[in-house]
Amino acid sequence: MSGPIPGWVRPGGPLTPMPDPAALAEADAAVEALPADAPIRLERVSRWYGNVVAVNDMTFAVGAGVTGLLGPNGAGKSTLLGMIAGLLSPSAGQVTLLGHAAWRNPSVYRRVGLVPEREAVPSYLTGFEFARLAARLQALPDADDAARRAIATVDLEAAAGRAIGTYSKGMRQRAKLAAALVHDPPVLLLDEPFNGMDPRQRLHMMALLRTMAAEGRTILFSSHILEEVERLAERVLVVYAGRLAASGDFREIRRLMTDRPHTFTIRSSDDRRLAGALMDEVAVFGVELSDAWLSVRTADYAGFTRLLPRAARDAAVSLFEVQPADESLERVFEYLVRR
Amino acid sequence: MILTIAGVTLRALLARRRALLMLLLVAAPVALGMLARLRGLPGDPVERTANTLEMTVVRTVLPLVALVFGTSAIGAELEDGTAIHLLTKPVARWRIVAGKLLAAAPVTALLISASVLATGLLIGGERGTAPLTTAFTVACAIGALLYVDVFIALSILTSRALIVGLIYVVLWEGLLAGLFEGTRVLSIREYTMSFAAALDPSGTVGQDAPLGLATAVIASIVVLVGAFVLASYWLSTKELTGGD
Numbered sequence: 018m019s020g021p022i023p024g025w026v027r028p029g030g031p032l033t034p035m036p037d038p039a040a041l042a043e044a045d046a047a048v049e050a051l052p053a054d055a056p057i058r059l060e061r062v063s064r065w066y067g068n069v070v071a072v073n074d075m076t077f078a079v080g081a082g083v084t085g086l087l088g089p090n091g092a093g094k095s096t097l098l099g100m101i102a103g104l105l106s107p108s109a110g111q112v113t114l115l116g117h118a119a120w121r122n123p124s125v126y127r128r129v130g131l132v133p134e135r136e137a138v139p140s141y142l143t144g145f146e147f148a149r150l151a152a153r154l155q156a157l158p159d160a161d162d163a164a165r166r167a168i169a170t171v172d173l174e175a176a177a178g179r180a181i182g183t184y185s186k187g188m189r190q191r192a193k194l195a196a197a198l199v200h201d202p203p204v205l206l207l208d209e210p211f212n213g214m215d216p217r218q219r220l221h222m223m224a225l226l227r228t229m230a231a232e233g234r235t236i237l238f239s240s241h242i243l244e245e246v247e248r249l250a251e252r253v254l255v256v257y258a259g260r261l262a263a264s265g266d267f268r269e270i271r272r273l274m275t276d277r278p279h280t281f282t283i284r285s286s287d288d289r290r291l292a293g294a295l296m297d298e299v300a301v302f303g304v305e306l307s308d309a310w311l312s313v314r315t316a317d318y319a320g321f322t323r324l325l326p327r328a329a330r331d332a333a334v335s336l337f338e339v340q341p342a343d344e345s346l347e348r349v350f351e352y353l354v355r356r
Numbered sequence: 564m565i566l567t568i569a570g571v572t573l574r575a576l577l578a579r580r581r582a583l584l585m586l587l588l589v590a591a592p593v594a595l596g597m598l599a600r601l602r603g604l605p606g607d608p609v610e611r612t613a614n615t616l617e618m619t620v621v622r623t624v625l626p627l628v629a630l631v632f633g634t635s636a637i638g639a640e641l642e643d644g645t646a647i648h649l650l651t652k653p654v655a656r657w658r659i660v661a662g663k664l665l666a667a668a669p670v671t672a673l674l675i676s677a678s679v680l681a682t683g684l685l686i687g688g689e690r691g692t693a694p695l696t697t698a699f700t701v702a703c704a705i706g707a708l709l710y711v712d713v714f715i716a717l718s719i720l721t722s723r724a725l726i727v728g729l730i731y732v733v734l735w736e737g738l739l740a741g742l743f744e745g746t747r748v749l750s751i752r753e754y755t756m757s758f759a760a761a762l763d764p765s766g767t768v769g770q771d772a773p774l775g776l777a778t779a780v781i782a783s784i785v786v787l788v789g790a791f792v793l794a795s796y797w798l799s800t801k802e803l804t805g806g807d
């Protein structure tokens with residue numbers, strides 16, 4: 018049999034269900050709502066590799082300030098950043114960087130700095146030479162001075178004369194940042210910038226990024242670590258399985274993450290009696306009893322951890338094991354997508 | 564800009580172990596020449612020099628050295644991921660290719676020319692082979708430029724440029740060009756031999772040169788420009804992943 022399958026569409030990519038008109042209208046409205054002057058704009062962007070969809074129909078804009086791109090490993094963050102940075106072509110949709118198409122447009126790099134995740138840096142160059150090379154390729158009038166300033170900004174002066182091949186992972190990250198900052202770009206894209214940094218370097222980099230954001234720069238950084246994003250980003254884009262699970266103010270997203278249903282797995286001296294005691298609690302909205310354990314669902318994570326010992330004591334039950342069953346970030350992201 | 568790229572590429576090419584290996588490779592014909600000199604081989608020195616230079620340098624060392632330097636100039640950076648630092652700068656892709664060519668081609672030409680000169684002078688010595696050796700030196704320098712240009716383009720197109728290049732040198736140039744005359748039009752080795760024949764005043768090389776000079780010149784220009792344009796285009800459409 019050949020020809021199109023009714024209800025399915027394959028726009029040069031993987032076979033996907035035909036979107037319903039309401040969803041299409043919603044997607045169009047999302048594009049319409051994007052601020053026209055945002056430095057980074059993605060309009061219904063998808064990227065697939067063969068039949069694998071890495072990024073699925075994403076629409077968002079990123080403005081001045083620090084925005085965190087949060088998601089577990091393999092969620093599509095690097096693919097997304099790659100498309101924003103003009104390193105990958107979108108399979109569908111449009112990516113614009115400072116008002117210009119990002120793909121096949123090297124001139125945008127005059128105003129964009131990129132810190133890629135990959136560690137690869139020419140090992141035979143010194144830190145200073147690497148930054149100076151970036152300055153020369155940016156055609157800056159005084160490459161030496163620009164390189165010196167960038168090296169000082171990332172606090173790498175002491176090791177600037179050493180070959181990068183001898184650097185630690187954190188030092189390499191800073192060398193890459195120096196090269197990305199050498200031309201003072203208004204847009205900075207960073208892919209997992211804190212990888213390999215020790216706590217002191219991490220704090221220094223965070224302070225640096227905050228300062229640059231306060232100067233009006235647009236900074237988009239990716240991370241799979243919630244705490245990093247929490248400490249730095251004002252806005253967040255949560256990506257899971259190639260989809261935009263949530264976007265907006267970080268505190269709002271954090272509230273959604275915290276208020277979601279949590280499941281605890283409990284083993285005690287008398288699971289049945291404890292189940293009965295917990296069912297009377299307002300914070301508990303589901304109890305499941307099995308031969309080996311008791312599973313309890315609650316909407317109030319912190320409240321439940323306080324009430325459980327009290328309920329167990331009142332019911333004269335000893336607690337052997339209390340395990341939050343779904344505390345991995347994967348599950349949090351999954352919840353946000355399903356929401 | 565082109566000079567900046569050429570400078571850093573040159574450093575990358577010469578900083579690695581491959582430079583030493585290439586030195587050993589270009590030294591092989593010289594060692595052969597020295598041996599021939601010591602043993603005092605009989606026969607016409609001009610003919611013997613021409614044959615040795617063709618068999619050792621033009622057929623073997625030149626394409627191999629050009630293959631290694633040509634595919635390393637940008638292919639190694641694309642392979643290990645360091646190319647991202649170059650490709651995220653506001654530099655036109657043709658300038659990047661030009662910078663790579665400007666580094667890899669002279670290095671190859673210099674090494675090969677030194678090898679040709681030393682080998683030719685050792686074998687022929689003072690017995691009237693200097694013009695022939697000069698002809699081979701110039702022809703090999705042009706051949707180096709063409710090979711490197713093609714191999715740079717190949718390394719942008721495929722991550723298996725070294726293997727594809729070897730197949731081209733061994734199968735296409737080594738086997739097919741000897742069997743089918745038509746394939747010689749697409750053989751850099753044949754262009755090199757044509758240039759050597761045209762520059763050789765003794766006429767020794769010209770006896771077997773199958774490709775006319777005009778054809779070789781036109782084909783060389785087409786290959787040089789074509790490979791350069793394709794390399795620039797392929798580089799502009801090259802996708803890079805910045806992460807895992």
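For the protein sequence lines, the chains are Z and X, in the order given. For the first sequence, counting from 1, position 225 maps to 242 in my numbering; every step adds exactly one. For the second sequence, counting from 1, position 68 maps to 631 in my numbering; every step adds exactly one. Yeah, the Cβ is synthetic: ideal placement off N, Cα and C, and Gly gets one too.
CB-CB under 6 Å to residue i, same chain, minus the five flanking residues each way: which ones, in chain order?
i	result
Ser19(Z)	In this prediction, Ser19(Z) has a pLDDT of 43, which is less than 50 and means its spatial position is unreliable; what the coordinates show is noted afterwards. Result list for Ser19(Z): empty, nothing under 6 Å.
Ala342(Z)	Thr280, Thr282
Leu630(X)	Phe714, Gly728
Asn73(Z)	Ser63, Gly259, Arg260
Ile236(Z)	Val83, Leu205, Leu226, Ala230
Leu336(Z)	Ser285, Ala329
Starting from residue i, find everything on chain X with Cβ-Cβ shorter than 8 Å and list it in chain order.
i	result
Leu154(Z)	Met564, Thr567, Ile568, Leu649, Lys652, Pro653, Val654
Val138(Z)	Thr645, His648
Ala151(Z)	His648, Lys652
Arg121(Z)	Ser799, Thr800
Going by C-alpha distance, which of the options is nearest residue i?
i	options	result
Asp201(Z)	Ser124(Z), Gly303(Z), Ala152(Z), Pro326(Z)	Ala152(Z)
Ser757(X)	Leu649(X), Glu802(X), Tyr710(X), Gly706(X)	Gly706(X)
Glu174(Z)	Asp159(Z), Ala148(Z), Leu157(Z)	Ala148(Z)
Leu595(X)	Ala693(X), Ala782(X), Leu793(X), Val620(X)	Val620(X)
Leu87(Z)	Met75(Z), Ala250(Z), Leu198(Z)	Ala250(Z)
Thr143(Z)	Val132(Z), Arg189(Z), Val129(Z), Gly130(Z)	Arg189(Z)
Thr700(X)	Leu673(X), Ala740(X), Lys663(X), Pro626(X)	Leu673(X)
Tyr754(X)	Ala655(X), Ser765(X), Ala582(X), Val780(X)	Val780(X)
Gly303(Z)	Ala309(Z), Trp310(Z), Ala292(Z)	Ala292(Z)
Ala687(X)	Asn614(X), Leu793(X), Ile659(X)	The sequence given here has Gly at residue 687(X), not Ala. Among Asn614(X), Leu793(X), Ile659(X), the Cα nearest to that of Gly687(X) belongs to Asn614(X).
Arg284(Z)	Leu226(Z), Thr170(Z), Val334(Z), Val301(Z)	Val334(Z)
Thr800(X)	Ser106(Z), Leu59(Z), Ser264(Z)	Ser106(Z)
Ala195(Z)	Ala109(Z), Asp37(Z), Ala163(Z), Ala46(Z)	Ala163(Z)
Leu720(X)	Met564(X), Lys652(X), Leu803(X), Pro626(X)	Leu803(X)
Ala167(Z)	Ala197(Z), Pro216(Z), Pro158(Z)	Ala197(Z)
Asp288(Z)	Leu306(Z), Leu115(Z), Glu298(Z)	Leu306(Z)
Leu566(X)	Leu150(Z), Gly116(Z), Val132(Z)	Leu150(Z)
Which residues in chain Z have a C-beta closer than 8 Å to the C-beta of residue i? List them in chain order.
i	result
Ala578(X)	Tyr141
Val571(X)	Pro139, Leu142, Leu150
Once the 5 residues before and after residue i are set aside, which same chain residues still bring their CB inside 8 Å of it?
i	result
Glu640(X)	Ala575, Ala646, Leu649
Val624(X)	Leu588, Val589, Ala591, Pro592, Ile675, Ser678
Ala180(Z)	Ser140, Tyr141, Leu142, Thr143
Ala119(Z)	Met100, Ile101, Ala102, Gly103, Val112, Thr113, Val125
Lys186(Z)	Glu136, Asn212, Gly213, Met214
Val609(X)	Gly687, Arg690, Gly691, Thr692, Leu695, Ser765, Thr767
Arg747(X)	Ala740, Glu753, Pro773, Leu774
Closer than 7 Å by beta-carbon distance: list the chain X residues that pair up with residue i, in chain order.
i	result
Tyr126(Z)	Thr651, Lys652, Pro653
Determine the chain Z residues that contact residue i at a beta-carbon separation under 7 Å, and present them in chain order.
i	result
Ala661(X)	What Ala661(X) touches in chain Z: nothing, since even the nearest Cβ is about 14 Å away.
Arg574(X)	Tyr141
Kindly list the residues whose CB is nearer than 7 Å to the CB of residue i, restricted to its own chain and excluding five residues on each side of it in sequence; keep chain order.
i	result
Trp657(X)	Ser795
Val711(X)	Ala629, Phe632, Gly633, Leu664, Ala667, Ala668, Thr671
Val138(Z)	Phe147, Ile181, Arg189, Ala192, Lys193
His221(Z)	Asp172
Asp317(Z)	Ala300
Leu776(X)	Ser757, Ala761
Can you give me, in chain order, the residues of the segment 624-655 of chain X that have a beta carbon less than 9 Å from any beta carbon in chain Z? Glu640, Asp643, Gly644, Thr645, Ala646, Ile647, His648, Leu649, Leu650, Thr651, Lys652, Pro653, Val654, Ala655
Please list, in chain order, the residues of the segment 190-206 of chain Z that have any C-beta partner in chain X closer than 7 Å. Ala196
So, does the segment 248-260 of chain Z touch the segment 79-97 of chain Z, judging by three or more C-beta pairs under 8 Å? yes
Using Cβ-Cβ distances below 9 Å, what residues of the segment 74-105 of chain Z are close to chain X? Asn90, Gly91, Lys94, Ser95, Thr96, Leu98, Gly99, Ala102, Gly103, Leu104, Leu105
Taking any Cβ of chain Z, which residues in the segment 774-801 of chain X have a Cβ under 8 Å from it, in chain order? Ser799, Thr800
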